[in-house]
Structures are given as C-alpha cells and as structure tokens.
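Participant: Pasting a structure here, questions to come.
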Amino acid sequence: MKKIAVALSGGVDSAAAALLLQKEGYEVLGITYRLQNEQQKDIFDAENVCRALNIEHIVLDYRDIFSSSVINPFIDSYLNAETPNPCIFCNKAIKFGKFIEDTKKLGCDFISTGHYAKIEKDSEGIYHLFKGDNEKKDQSYVLYNLNQDILARMVLPLGLWNYSKDELREMVRKSGIPTADRPESQDICFIKEGSYCDFIEENRANVPKKGSFVDEDGNILGQHNGFYRYTIGQRKGLGIALGVPAFVTDIDFSTGNVTLSLDESKLMADTFLVRDFNFLSCEPAFPLSCLVKTRYKSPMQPAVITKEGSLLSVRLKNAGRAPTKGQSAVFYRENEVLGGGIIDSVQKM
C-alpha cells in the first residue's frame, strides 16, 4: 500500500482529498502546517478530519520559514509598489518545498493537496500539469513553480472529477467528517482581522503613511495614507472624490505618489517583463507562442514570449487591462500549464 501525505487545512477541499485517496486504497497521513501562533482552530478541525477517517495526524511547525519566505516578501512587495500573490510564495517555499522534504523523511511515497488541477504522465515519462475539469474552481495558476520531481510525487484528486462545492460538502458530511459546513477560507490566510494594509503597518516599522494623489502631469490632486493601499487598475475605495471615475495608473514608492487618470485606456499594456520564471518540464524554444494569464481570475490571452537575459519578455496579441507588477504571469498551451513567473515591469501603451 502506497503512503500519501495530505496537507490538511481543516477545510472541505483538503478533507475531501483525504477521503477520496483513502477510498482509492492509499495509506493516508494527515499533515497540518503550523504557520502562525494563532492557528488552534485550523489544527483542531484537521484533527477532527483525521479522527473521522481514522488516520494519523501530524502538525509540522513552519512558522519561521513562513515568516521569512511568505510574510516578509509579501510586505516587501507592497512596499516596492507591487501587488503580490502570497499563495505563490507559500506554494514554492512550503507546500512544494519544505513539505516535500519532510514527507520523504516520514516515509511517504506521495503528497496531495486540495488544489483543483490535473497531472498526467506522457509516453516518454514526462509529467504535465493541466487545468482542472471544473473550470470555475481551477487553481492551476498558482502551481506554475512545480518541477518534474514534485509532479512525480503529487496526486491531485479534486482535479480529476467535476464535483461542485455542494457535492464535496455532502460527500464529506456523509463520511462523518464534522467540518463539512466550514466556510471558505479567506483570500489571505494569515490576515485574520483588518486589512492587508493594517497587517503591513503592524508588522513593519516606519511604513510611509502619507503621500500624494497626482494626475498624469504630476499635479497634486489630494493626499492619501500610504501608496501600498493601492493597486494598478483600482477605481473604487480611493479615498478621494474627483466627481468622475478615476483609475490608479501608476504607483511610485520612491516619492509616494499615486497617479490617477480619468482615461481607463491608460491601463492597457501589451508588453511586460517577467522575472523568477519556471517551466515545469524543460525550458522551451523561444520565441514561444502560448496563452497567458496575468491574474488568478483573468482570462487567457494569446502572446509571444522571448528571452532577454534573466528575464522573459511577454508581448500580448491584444493589449490587456492592467497587468501589474508583483502578480504572476502564467503560460498555457490550451489547458496545459507550461510555466510562469513574476511580472517585473510593464510597458504602457
């Protein structure tokens, strides 16, 4: 019997993954990451999942690596006028980094998470990552940092079946798991109360809390309480009344200026550079024609990618709205994830 470690958050998705794998005949080990001090509820719920399934539960203390590899880069990114996706940091450093190492030591053959995506092995022994069958729940976007070694050891049961959330809850409920009605997790798991801006101010000294709204000519329109409170493309919640809709088109962390424009077309861009990129199998030949997603919920767009030293240059066939520094650009061939990286700079039209 193959032994598989399932990352259990205490939520419905990871509980369903553990249940499905147990039904498939795996020896399932439930593992919960301790990422912060205030995490007793998650651990308690995960313990209840394991008790209902009659499987062993282990808590691994990842607080130090979570702070250094997720929280600090998250804050740094905002203070560099970027808009980060902390799930990308966490997946790379913890879920498919430290977790892989530790489960090997525990004698596990495979690992599993509650992500909605699919892994397939071709006739040449190369593993490929695909979008999950349930398009609305697909999470392949946040998995572009995987490699062949990790893909060979991963099983993603939720990506193989087109279950709705209600169907998963009912499956978990019928199995006697008491967390079936647990609500969906927050967007940023480590921010329990308040906004991400409050979190930044509480965890970093001397954060610049003042700055100016300016127009495209540099004229001051008003004052704000910190440039990190804004993201490119934002229209609502600006904290300034101009009488007409305005959009954030630029953020300058060196001056603290946040540029507003009345012209939404100023957000359009067709070229941007990508750093810290990864390809799941081997690096492709360039130029590479593919599809690109520039945010988790954005549509895929045709593009051509070329390599420029340590960066990739992505040119969209049609200009896209507000590609943003700090977000990830993920490359697809139809439904297959080829790779991705962090948007480093954007060339406005």
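Mapped onto our numbering, the consecutive letters of the sequence shown carry residue numbers 9 to 357.
Built from N, CA and C at the ideal position, the CB exists for glycine as well.
Please look up how many angstroms separate the CB atoms of M308 and K315, rounded, as I've assumed it's under 8 Å.
Facilitator: That belief does not hold up - the Cβ atoms of M308 and K315 are roughly 21 Å apart, past 8 Å.
Participant: Restricting to Cα atoms, I'd like to know which of S297, F280, R329 is closest to L319.
Facilitator: Nearest C-alpha to L319: F280.
Participant: Thinking K173 and N343 are a contact (beta carbons under 8 Å), I'd like their distance in whole angstroms, please.
Facilitator: About 21 Å; that fails the 8 Å criterion.
Participant: Note down, one range per segment and in chain order, each alpha helix (DSSP H) of at least 4 residues found wholly within the stretch 267-352.
Facilitator: Counting only runs of 4 or more, we get nothing.
Participant: Distance check for V20 and P191, CA to CA, integer angstroms please.
Facilitator: So the two alpha carbons sit approximately 8 Å from each other.
Participant: Just how far apart, CA to CA, sit L246 and G234?
Facilitator: Cα to Cα, the separation comes out at about 11 Å.
Participant: With a threshold of 8 Å on Cβ separation, who are the neighbours of D223 within its own chain once the five nearest residues in sequence on each side are excluded?
Facilitator: Excluding sequence neighbours, D223 sits near L229, T267, L268, S269.
Participant: Using 10 angstroms around the beta-carbon of R243, count the other beta-carbons present and answer buried if the total reaches 16, otherwise exposed.
Facilitator: R243 is exposed by the Cβ-count criterion.
Participant: Measuring CA to CA, which of Q335, S353, M357, I351 is closest to P94?
Facilitator: Of the candidates Q335, S353, M357, I351, the one whose C-alpha sits nearest the C-alpha of P94 is Q335.
Participant: Would L87 and Y236 qualify as a contact pair, given that the criterion is a beta-carbon distance under 8 Å?
Facilitator: Contact: yes.
Participant: Check this for me: beta carbons of L7 and V215, under 8 Å apart or not?
Facilitator: Missing from the structure shown is residue 7; the chain here goes from 9 to 357 and no further.
Participant: Which residue from F285, A23, E46, R42 puts its Cα closest to that of V36?
Facilitator: The shortest Cα separation from V36 among F285, A23, E46, R42 belongs to A23.
Participant: Pair every Cβ in the stretch 271-288 with every Cβ in the stretch 115-126, then say whether three or more of these pairs are closer than 8 Å.
Facilitator: With the cut-off at 8 Å, the stretch 271-288 and the stretch 115-126 do not touch.
Participant: Compute the beta-carbon to beta-carbon distance between L137 and L151, rounded to the nearest angstrom, for a pair I have assumed lies under 8 Å.
Facilitator: Correct: roughly 6 Å between the Cβ atoms.
Participant: Quick check on DSSP: helix, strand or coil for D206?
Facilitator: Note: D206 maps to helix in three-state DSSP.
Participant: Tell me whether the beta-carbon of F358 lies closer than 8 Å to the beta-carbon of I248.
Facilitator: Residue 358 falls outside the range modelled here, since the chain spans only 9 to 357, and no answer is possible.
Participant: With C-beta atoms as the reference, is M276 less than 8 Å away from A327?
Facilitator: Contact flag set, yes.
Participant: Give a single yes or no on whether V67 has its beta carbon closer than 7 Å to a heavy atom of the ligand PLP.
Facilitator: Judged by which ligands are present, the structure shown has none, so any question about the ligand PLP falls away.
Participant: Which of the three DSSP states, helix, strand or coil, is assigned to S17?
Facilitator: S17: coil per DSSP, three-state reduction.
Participant: For the stretch 157-195, list the alpha helix (DSSP H) runs that are entirely contained and at least 4 residues long, ordered along the chain.
Facilitator: Listed in chain order, the complete alpha helix (DSSP H) runs (minimum 4 residues) inside the stretch 157-195 are 173-182.
Participant: According to DSSP, simplified to helix, strand and coil, what is G264?
Facilitator: Three-state DSSP puts G264 in coil, outside helix and strand.
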